[in-house]
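Following: one structure in C-alpha cells, then a few remarks.
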Amino acid sequence: MSKFHFVVAATFALGLAACSEEKAEAPATPVAESSAPAKTEAAPPAAAPAPAESVSGSDVSDAAQQACLAAVSNETNEGDVTVLSSEFSQANSEVMVGVGAQRAPWRCLVSNDGAVQEVSFSGSEGAL
1067 MSKFHFVVAA
1077 TFALGLAACS
1087 EEKAEAPATP
1097 VAESSAPAKT
1107 EAAPPAAAPA
1117 PAESVSGSDV
1127 SDAAQQACLA
1137 AVSNETNEGD
1147 VTVLSSEFSQ
1157 ANSEVMVGVG
1167 AQRAPWRCLV
1177 SNDGAVQEVS
1187 FSGSEGAL
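Shown next as C-alpha cells:
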C-alpha cells in the first residue's frame, strides 16, 4: 500500500469513527409507527373584514335611541323623556330612558336599525 493510499484510508477511517461517535452520543428518539399521513400545520385563519359601519362597545345608534325615546313617550303620554344610559348588543341594544321631572326609569330594547322590540317600566311602583 502506498503512502498516499494509507493517508486516504486513515482519513476515511477517522471520518467514519467521528460520525459513529456523534451518532452514539446523540440520544435515540423512538419513531412512532403510523399508517396515517403526516399532518401539516394549517396557516392561521385570516382576520374577518371589518364591517362597513363599525359600532363599538356601548355605542347605540342615534336612530335606535330616538326610536326608544319616541316609543317611551308614546307609552307614557309624556313628552319629557331623555336617554339615561345605553348598552350596545348585536341582537337588541338596551336604552334606559328617564321620564318626566323625576326621570322615572323605563327600559327599551331596540334593534340597531331602530325597530323597538319592547318597552317596560323598570322602577318600583309607588316608591318615593
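One gets the working numbering by counting positions in the sequence shown from 1 and adding 1066 to each. Virtual Cβ for every residue (Gly too), placed ideally from N, Cα, C. Quick caveat, the model's predicted, so the values are computed rather than measured.
Asked, Found
"For G1191, count neighbouring C-beta atoms within 10 Å of its own C-beta (all shown protein chains included) and say buried if the count is 16 or more, exposed if not.", "Sequence check: residue 1191 is Glu here, not Gly. Result: exposed."
"Applying the 10 Å Cβ sphere with the 16-neighbour rule, what's the burial state of S1152?", "buried"
"For V1138, report the span of its alpha helix (DSSP H) as first-last.", "D1128 to T1142"
"Spatial neighbours of V1147 within its chain, please: C-beta separation below 6 Å, excluding the five flanking residues on both sides.", "L1135, V1138, S1139, V1163 and V1165"
"Could you check which residue in S1188, S1186, G1189 and E1160 has the C-alpha nearest to that of Q1131?", "E1160"
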